[in-house]
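Below is one structure, written out as structure tokens, with a few remarks after it.
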Amino acid sequence: MSRLVPLAAALAAFAPAVALAGGGAIEGEVEKQSVNVMAIVMFLIFVVGTLGITYWASKRTRSASDFYTAGGGITGFQNGLAIAGDYMSAAAFLGVSGMVFGKGVDGVFYTAGWTVGWPLILFMIAERLRNLGKYTFADVASYRLEQTPIRSLAASGALAVVVFYLIAQMVGAGKLIQLLFGLEYAYAVVLVGVLMMLYVTFGGMLATTWVQIIKACLLLGGCTILVGMAMVQFGFSPETVIAKAVENHKAGTDILSPSASISDPITAISLSLALMCGPAGLPHILMRFFTVPDAKAARKSVFYATGFIGYFFILAVMIGFTAITIVGTNPAYLDATGKIVGGGNMAAIHLSKAVGGDVFLGFISAVAFATILAVVSGLALAGASAVSHDLYARVIKKGHATEREEMLVGRIAVLTLGVLAIVLGLLFENQNIAFMVSLAFGLAASVNFPVLFLSIFWKGLTTRGAFIGGFLGLVSAVACVVLGPAVWVGVLKNPAPIFPYEHYALFSMTIAFVSIWLFSVTDKSARAVTDKEAYRYQLIRSETGLGAEAPVAH
Amino acid sequence: MSEQTYERVVNHPRFQELCRKRNRFALVLSFIVLGVYYSFVMVASLTPGLFSSPLAEGLTWPVGLAAGFAIQAFAFLMTGVYVSRANREFDAMNRAIIEEATR
Numbered sequence: 232m233s234r235l236v237p238l239a240a241a242l243a244a245f246a247p248a249v250a251l252a253g254g255g256a257i258e259g260e261v262e263k264q265s266v267n268v269m270a271i272v273m274f275l276i277f278v279v280g281t282l283g284i285t286y287w288a289s290k291r292t293r294s295a296s297d298f299y300t301a302g303g304g305i306t307g308f309q310n311g312l313a314i315a316g317d318y319m320s321a322a323a324f325l326g327v328s329g330m331v332f333g334k335g336v337d338g339v340f341y342t343a344g345w346t347v348g349w350p351l352i353l354f355m356i357a358e359r360l361r362n363l364g365k366y367t368f369a370d371v372a373s374y375r376l377e378q379t380p381i382r383s384l385a386a387s388g389a390l391a392v393v394v395f396y397l398i399a400q401m402v403g404a405g406k407l408i409q410l411l412f413g414l415e416y417a418y419a420v421v422l423v424g425v426l427m428m429l430y431v432t433f434g435g436m437l438a439t440t441w442v443q444i445i446k447a448c449l450l451l452g453g454c455t456i457l458v459g460m461a462m463v464q465f466g467f468s469p470e471t472v473i474a475k476a477v478e479n480h481k482a483g484t485d486i487l488s489p490s491a492s493i494s495d496p497i498t499a500i501s502l503s504l505a506l507m508c509g510p511a512g513l514p515h516i517l518m519r520f521f522t523v524p525d526a527k528a529a530r531k532s533v534f535y536a537t538g539f540i541g542y543f544f545i546l547a548v549m550i551g552f553t554a555i556t557i558v559g560t561n562p563a564y565l566d567a568t569g570k571i572v573g574g575g576n577m578a579a580i581h582l583s584k585a586v587g588g589d590v591f592l593g594f595i596s597a598v599a600f601a602t603i604l605a606v607v608s609g610l611a612l613a614g615a616s617a618v619s620h621d622l623y624a625r626v627i628k629k630g631h632a633t634e635r636e637e638m639l640v641g642r643i644a645v646l647t648l649g650v651l652a653i654v655l656g657l658l659f660e661n662q663n664i665a666f667m668v669s670l671a672f673g674l675a676a677s678v679n680f681p682v683l684f685l686s687i688f689w690k691g692l693t694t695r696g697a698f699i700g701g702f703l704g705l706v707s708a709v710a711c712v713v714l715g716p717a718v719w720v721g722v723l724k725n726p727a728p729i730f731p732y733e734h735y736a737l738f739s740m741t742i743a744f745v746s747i748w749l750f751s752v753t754d755k756s757a758r759a760v761t762d763k764e765a766y767r768y769q770l771i772r773s774e775t776g777l778g779a780e781a782p783v784a785h
Numbered sequence: 013m014s015e016q017t018y019e020r021v022v023n024h025p026r027f028q029e030l031c032r033k034r035n036r037f038a039l040v041l042s043f044i045v046l047g048v049y050y051s052f053v054m055v056a057s058l059t060p061g062l063f064s065s066p067l068a069e070g071l072t073w074p075v076g077l078a079a080g081f082a083i084q085a086f087a088f089l090m091t092g093v094y095v096s097r098a099n100r101e102f103d104a105m106n107r108a109i110i111e112e113a114t115r
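Respectively, the protein sequence lines represent chains A and B.
Read in order, the letters of the first sequence correspond to residues 232 to 785 in my numbering.
Read in order, the letters of the second sequence correspond to residues 13 to 115 in my numbering.
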């Protein structure tokens, strides 16, 4: 296979390794490519710059509020960019363009769903979340309910989402690094883990936010240039892009129709629910709403984020369509059987080389890696806050922990998550991990989202209803994944799945909402009376912001 | 928040008006966005022929792709509509209620 290149030597002397053409995608087997000097140099510039920012941020991270939410001092525009940065993962960038390259218009089905969730978050959740919460979404979910059970449930939901998402990102990073930089898988996983720990432990939310902002600008700028340079070859005519794609794709006009995986209505609705409601239950996204000074800034952040996200997805789809002609007809990017070198997720990367040469390839590769780094940092901070703020300070210490203790636990939690992510990333190298992303989004949509949504809007919600219903949502999401095509067939190698649907949100969300309702309305305990009584106070704060956490001035 | 402040906010005539107006506006916008998006989902899954048909005579660009991009632009537009009214109208009402209730 490939020759081993020690990281230090590769970075210091840029020693070249044997070039090997690879097969497979980011998931599954990949073969290491030749060492890409330009990509490594550009990535190092990013790392040095962001470590500089981390040093600057560490001087300003003194209190727990600084650590978790950058003191609430991020502006609406900055937060909009950072939300977009959290949301535009490498999977979205390489995956969407790869999906369009392979199947055509299917890609736009996903991007439309991922975008329409945002206006709904704005209309329903954003301002109320800012008004009610302090550091984590569990603050909001447990606002008027009994602290111990609901905090524990929300924190477990947050941690589960973070860990599954983190493993998927780590494995993706390792594979990507093999393909793009020509470095060993293990180095990539360790490098991502260590950088993530440095950013978050020292720089807290301030450094994490700026890493997101820089990454978002690089990704949006890089993709704009990429699409611009590709469009030159089609005389800037969108019609020519599509006409040529139909001509050059082996599926012909089939790339203009949705594929079978979408044309089943139950699958389509179930998938669309997960795409829309998943983001409203992702802890690292929800946490971003506490970094702004007030509800008005929270509202503005969603406006900017929706614009950036919508624009980015249009670019990602166009990258896929232009790549069908530019990459798909160039033998340099195809192997002997006519398949794309490095797997379907490489369409955007090959396109960058085809239109901009090695320098631009290096730039886009570095941007893809920076994207992973930024997303894992956001995840690590969200996971750490669930441990230190929710589990340690509120559940174990019952609110009697000092700020110093809470921050110390938070930093230890970041280091623990970092080590865990590295170890699991190494263990799962050759496993099929597609189900982990599905599980992360499914848990977000069927545990975190229902509990959060009903705690804000439904007066009748009780501690018992939220706890049992949220727990059943968790069990059903895990069951759907384990008994479904992803694990039962994909991992356990059984011939047929027990639960037939790959997209299960319709079922698990229904179970969660119905059981939360059922166990709330039948709750006749004294606690249920307190829970409902407290809703009136919550309503005033959630609607007017009266008594909301104020930003910290430095 | 004291019981007194709470009573003043709840009994403030404009508080109920603010909640009613804002909730109705948010609901109407949500239904518009969901309606547009689910029409798209249903067209994609039930009538794939319409989804892939060309936008106009002589073009290949499919209706579904144009609709997908349009929905993304539309989502952004809707956030803009909400933000502009909230900044203008709801924030002013909210400020007035808080000022009077906490005076």
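Ideal Cβ placement from N, Cα and C applies to all residues, glycine included.
Computed from a predicted model, the values in this text were never measured in an experiment.
Item                                                                                                                                                                                     : Value
With a cut-off of 9 Å, does the C-beta of A98 (chain B) fall near any C-beta of chain A?                                                                                                 : yes
Starting from Q84 (chain B), follow the alpha helix (DSSP H) in both directions and report where the run begins and ends.                                                                : 75-97
Among A:E636, A:R642, A:V402, which residue has its Cα nearest to the Cα of N663 (chain A)?                                                                                              : A:V402
In chain order, what residues of the same chain have a beta carbon less than 8 Å from the beta carbon of V421 (chain A), not counting five sequence neighbours either side?              : I653
Does DSSP classify I516 (chain A) as helix, strand or coil?                                                                                                                              : helix
Pick out whichever of A:S532, A:A505, A:V548, A:K531 has its Cα sitting closest to the Cα of L487 (chain A).                                                                             : A:V548
Taking the C-alpha atoms as reference points, what is the distance between A632 (chain A) and S619 (chain A)?                                                                            : 10 Å
Between the region 100-111 of chain B and chain A, which residues of the former have CB atoms less than 8 Å from a CB of the latter, in chain order?                                     : D103, N106, I109, I110
Quick one: residues in its chain with C-beta nearer than 7 Å to the C-beta of F27 (chain B), no 5 flanking neighbours on either side, listed in chain order?                             : V21, I109
Label D566 (chain A) either buried or exposed according to how many other C-beta atoms from any shown protein chain fall within 10 Å of its C-beta, with 16 as the threshold for buried. : exposed
Between the region 729-737 of chain A and the region 680-688 of chain A, do at least 3 Cβ pairs fall closer than 8 Å?                                                                    : no
For G538 (chain A), return the contacting residues in chain B, with the cut-off set at a CB-CB distance below 7 Å.                                                                       : F88
Does the separation of the CB atoms of I595 (chain A) and I571 (chain A) fall below 9 Å?                                                                                                 : no
Give the secondary structure of P66 (chain B) by DSSP, where H, G and I count as helix, E and B as strand, and everything else as coil.                                                  : strand
Among the residues of its own chain, which have a CB less than 6 Å from the CB of A404 (chain A), if the five just before and after it don't count?                                      : A419, V423, I603
Classify T560 (chain A) as buried or exposed, calling it buried when 16 or more other Cβ atoms lie within 10 Å of its own Cβ.                                                            : exposed
Per DSSP, which residues does L565 (chain A) bridge with? Please list them.                                                                                                              : A:I571
Can you say whether K290 (chain A) is buried or exposed, counting buried as having 16 or more other CB atoms within 10 angstroms of its CB?                                              : exposed
Between A313 (chain A) and T440 (chain A), which are expected to be in contact by the criterion C-beta below 8 Å, what is the C-beta distance as a whole number of angstroms?            : 5 Å
Over the uninterrupted alpha helix (DSSP H) stretch that includes V53 (chain B), give me the two end residues.                                                                           : 25-58
To be precise: take each residue of the region 674-702 of chain A, compare its Cβ to all Cβ atoms of chain B, and keep it if any distance is under 8 Å. Which residues remain?           : none
Do the region 712-725 of chain A and the region 656-676 of chain A touch if we need at least three Cβ pairs shorter than 8 Å?                                                            : yes
Counting only runs of 4+ residues fully inside the region 632-719 of chain A, write out the alpha helix (DSSP H) ranges in chain order.                                                  : 634-658, 665-674, 680-688, 694-714
Can you check whether the C-beta of T342 (chain A) is within less than 9 Å of a C-beta belonging to chain B?                                                                             : yes
When you check each C-beta in the region 460-479 of chain A against every C-beta of chain C, which residues fall closer than 7 Å?                                                        : Note that chain C does not occur in the displayed structure, where the protein chains are A and B.
So what does DSSP say about L457 (chain A), is it helix, strand or coil?                                                                                                                 : helix
Taking its Cβ as the centre, do 16 or more other Cβ atoms sit within 10 Å of Y286 (chain A), making it buried, or is it exposed?                                                         : exposed
Where do the N-terminal and C-terminal ends of the alpha helix (DSSP H) with E101 (chain B) fall, by residue?                                                                            : Run containing E101 (chain B): none; DSSP gives neither H nor E here.
In terms of residue numbering, what span does the alpha helix (DSSP H) encompassing S494 (chain A) cover?                                                                                : 491-494
What number of angstroms, rounded off, separates the C-alpha of N362 (chain A) from the C-alpha of I356 (chain A)?                                                                       : 10 Å
Report the three-state DSSP secondary structure of V394 (chain A) (helix, strand or coil).                                                                                               : helix
For G541 (chain A), go through chain B and note every residue whose CB falls closer than 8 Å to its CB, in chain order.                                                                  : Q84, A85, A87, F88
Which of the residues in the region 53-82 of chain B, read from start to end, lie with their CB under 7 Å from any CB of chain A?                                                        : V53, A56, S57, L58, P60, F63, S64, L71, T72, W73, P74, G76, L77, G80, F81
What number of angstroms, rounded off, separates the C-alpha of F368 (chain A) from the C-alpha of A385 (chain A)?                                                                       : 8 Å
Anything in chain A within Cβ reach of S42 (chain B), meaning under 9 Å, just list it in chain order.                                                                                    : P350, L351, F354, M355
So, does the CB of R36 (chain B) fall closer than 9 Å to a CB anywhere in chain A?                                                                                                       : no
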